[in-house]
Amino acid sequence: MYKFQVKKIPIKIAVILCLLPSVSYAVDNTVKLGGALDFQSTYYRNDGAKTQKILSQNKRQFGFYSSVNAFLDYKLETENGLKYGTKIGIETTTKNDRSAPMAIYTENDLGRVEVGSDKSAGKKMKIVGYKASCATGNGWDARVKTSPDGDLLAYITNFCSFLDSKMRTSGKIDYSRKITYFTPKFSFGANNLQFGASYIPDSSNMGHSGITDEQRHTPVGASKFKFVIKDGISYGAKHKVDVSDDLFVETSVVNEVGKPIAFDKKTEKKSDIKFTKLNSYVVGSEVNYQETYSFSASYGNYNKSLTSPSVDKIGRTTYMYAVGGKYKFNDKKNAASINYFASDHKKSKLDAITLGFDYLPTSGVKSYLQCTYYKTKGKYLDDNKLRFDGSEGILVYIGAKLNI
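Numbering (our numbering), first residue to last: -8 to 395.
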């Protein structure tokens, strides 16, 4: 049986990356400056504990929020079609939405290689049930507080990746450092297929810190431990079929694997408890007709990742699913959507339904309205006593977004 040699991956890809640009000199270069500015007014109401009812410190149910991202993409192209360059996130004076990390890339007929601290292949190829949505889509949970105590009870509100969002330092732009490879898109008649994979030797080695610094994280709340993922691999496949000139179906499967290293939050010492290896997946699909009607659905499962029978006594299973539909009208200047999300994290359940509306008066400008109603029902242990939790809330966003 063939044994997968993880340690040889960085060497092989690094050699390819170094050799490709030397094939010929660049004959053309392109500089692209891009970004987005988002402004929101938010209304939030929850019937849970007092700690869950605060939106703004001195205005509990209403507040304004703004964020921005800006990036510089410098691309060169050689006479034989090889493309290479770098994409750099630019820091701003207002809050950065952290969507533009740093990466160096090269691309030709053999595929695309990225190095740096950009999003992983799995995150980039993933399709979720919010693919067909308006407004912020799966960003509905940005301001909610679903749990009265995040150290005792946690609910799952999205399809975030372990090796990306869940292992990211709060307030920082960059993800962990990695090497990523995407194959070219293989075409078979009306079908095209693409594969991608990222290798992360150490998830604690973040793009904003030194190589010897260690950034530990709690990927899912309600844990007494922080984790680091060693030899993490995020990979996926995406398939698209053009059923007709008006209809296409796109499907993706992504997976994350890796070896966890746990540290006690209080003592910061390495734990001797054996936790299940990271092995999570998400399957998703989108159906689109005439770029007017779209439907999306997805399912994800953690496969008991980063859990232990001695620690997770109530349950170890986590799964989530979502469906959504979107309709564009008025010459595609308006759109409406409805989405449903449900999750079960160690016997603690959450349901959310979201209505969204978009208005696009001109290219790059969007105003939106989004309303989400959610409900939780959970259980947890507090001093070895079984306790129960439940709440419901509503979140309304009215905002405007400018893309440049």
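Positions of the beta carbon are idealized from the N, C-alpha and C atoms, including for glycine.
Buried versus exposed call for S13 [16 or more other C-beta atoms within 10 Å across all chains shown]
Residue confidence for S13 is low, a pLDDT of 49 falling below 50, so the modelled location carries little weight and cannot support an answer.
Length of the line joining the Cα atoms of R207 and G72:
Cα-Cα distance, rounded: 41 Å.
Residue range of the beta strand (DSSP E) that includes G187:
In the DSSP assignment, G187 falls within the unbroken beta strand (DSSP E) covering 182 to 193.
For the beta strand (DSSP E) that contains K392, what are its first and last residues?
Looking at the DSSP string, the run of the beta strand (DSSP E) that includes K392 is 376 to 394.
Please classify L386 as buried or exposed, where buried requires at least 16 neighbouring CB atoms within 10 angstroms.
Here L386 is buried, its C-beta having at least 16 other C-beta atoms within 10 Å.
Considering only the beta carbon of each residue, do K114 and S161 sit closer than 7 Å?
Between K114 and S161, the C-beta spacing is not below 7 Å.
Could you give the uninterrupted runs of the alpha helix (DSSP H) lying entirely in the stretch 208 to 293, keeping only those of 4 residues or more?
Taking only runs of at least 4 residues, no alpha helix (DSSP H) segment lies wholly in the stretch 208 to 293.
Distance between G102 and G76 (C-alpha atoms, nearest Å)
Rounded to whole angstroms, G76 to G102 spans 14 Å at the Cα level.
Leaving out the 5 sequence neighbours to the left and right, which residues in its chain are closer than 6 Å to T171 when beta-carbon positions are compared?
Taking T171 as the centre and dropping the five residues before and after it, the same chain places the C-beta of E105, A112, S189 closer than 6 Å to its C-beta, in chain order.
Beta bridge counterpart(s) of Y96 as assigned by DSSP
According to DSSP, which records beta bridges pairwise, Y96 is partnered with G76, E105.
Could you tell me which residues DSSP puts in a beta bridge with G315?
Looking at the DSSP output, G315 sits in a beta bridge with S287, N330.
If we count the other Cβ atoms within 10 Å of its Cβ and call it buried at 16 or more, is R378 buried or exposed?
Exposed.
With a threshold of 16 other CB atoms inside 10 Å of the CB of V59, please say whether the residue is buried or exposed.
Buried, since its Cβ has 16 or more Cβ neighbours within 10 Å.
Tell me the residue span of the alpha helix (DSSP H) that contains A112.
That run of the alpha helix (DSSP H) goes 112 to 116.
Is M311 closer than 7 Å to G227 when the C-beta atoms are compared?
No; because the gap between Cβ atoms is not below 7 Å, this pair is not in contact.
Classification of D29 by the beta-carbon crowding that lies within 10 angstroms, buried from 16 upward:
By the C-beta density criterion, D29 is buried, having at least 16 other C-beta atoms within 10 angstroms.
Please go through the stretch 17 to 82 and give each complete beta strand (DSSP E) segment of 3 or more residues, from N-terminal end onward.
At a cut-off of 3 residues, the continuous stretches assigned as beta strand (DSSP E) that sit fully inside the stretch 17 to 82 are 17 to 37, 53 to 69, 74 to 81.
At which residues does the beta strand (DSSP E) containing D132 begin and terminate?
For D132, there is no enclosing beta strand (DSSP E), as DSSP gives it neither H nor E.
Are the beta-carbon atoms belonging to T345 and T298 less than 7 Å from one another?
No, the pair does not count as a contact, with Cβ atoms beyond the cut-off.
Straight-line gap, I26 to I395 (C-alpha atoms, nearest Å):
Reading off the sequence shown, one finds Gly at residue 26, where the question assumed Ile. Looking at the two C-alpha atoms, the distance is approximately 5 Å.
In or out: I305 buried (at least 16 other Cβ within 10 Å) or exposed?
Looking at its Cβ environment, which holds fewer than 16 other Cβ atoms inside 10 Å, I305 is exposed.
State the Cα-Cα distance for the pair V78 and Y166, rounded to the nearest angstrom.
The residue you asked about is not Val; residue 78 is Lys in the sequence shown. The straight-line gap separating the alpha-carbon atoms of K78 and Y166 is approximately 14 Å.
Just how far apart, CA to CA, sit T83 and L154?
In a straight line, the C-alpha of T83 is about 25 Å away from that of L154.
Buried or exposed (CB count within 10 angstroms, at least 16 for buried), K50
Here K50 is exposed: its Cβ has fewer than 16 other Cβ atoms, across all protein chains shown, within 10 Å.
Beta-carbon spacing of Y365, A343 below 7 Å:
The answer is yes: Cβ separation under 7 Å.
Just mark F53 as buried or exposed, buried being the case when its beta carbon has 16 or more other beta carbons within 10 Å.
By the neighbour-count rule (16 or more Cβ atoms within 10 Å), F53 is not buried but exposed.
Out of D132, Y272, N279, which has the shortest C-alpha to C-alpha gap to D236?
The option with the nearest alpha carbon to D236 is N279.
With a cut-off of 8 Å on the beta carbons, I'd call Y56 and G369 a contact; round off their distance for me.
The pair is not a contact, with the Cβ atoms about 27 Å apart (cut-off 8 Å).
State buried or exposed for K41, treating a residue as buried only when at least 16 other CB atoms are found within 10 Å of its CB.
With fewer than 16 neighbouring CB atoms inside 10 Å of its own CB, K41 falls in the exposed class.
According to DSSP, residues forming a beta bridge with F179:
Bridge partners of F179 according to DSSP: N182.
Regarding K86 and the ligand GDP, is the C-beta to nearest heavy atom distance less than 6 Å?
The ligand GDP is not part of the structure shown, which contains no ligands of any sort.
Cβ-Cβ distance between K319 and A326 below 7 Å
Their beta carbons are under 7 Å apart, which means K319 touches A326 by this criterion.
Helix or strand or just coil, what does DSSP make of S13?
With a pLDDT of 49 at S13, under the threshold of 50, the modelled position of this residue cannot be trusted; read the value that follows with caution. S13 falls in the helix class under three-state DSSP.
R168 and N196: beta carbons closer than 7 Å?
Going by C-beta atoms, R168 is nearer than 7 Å to N196.
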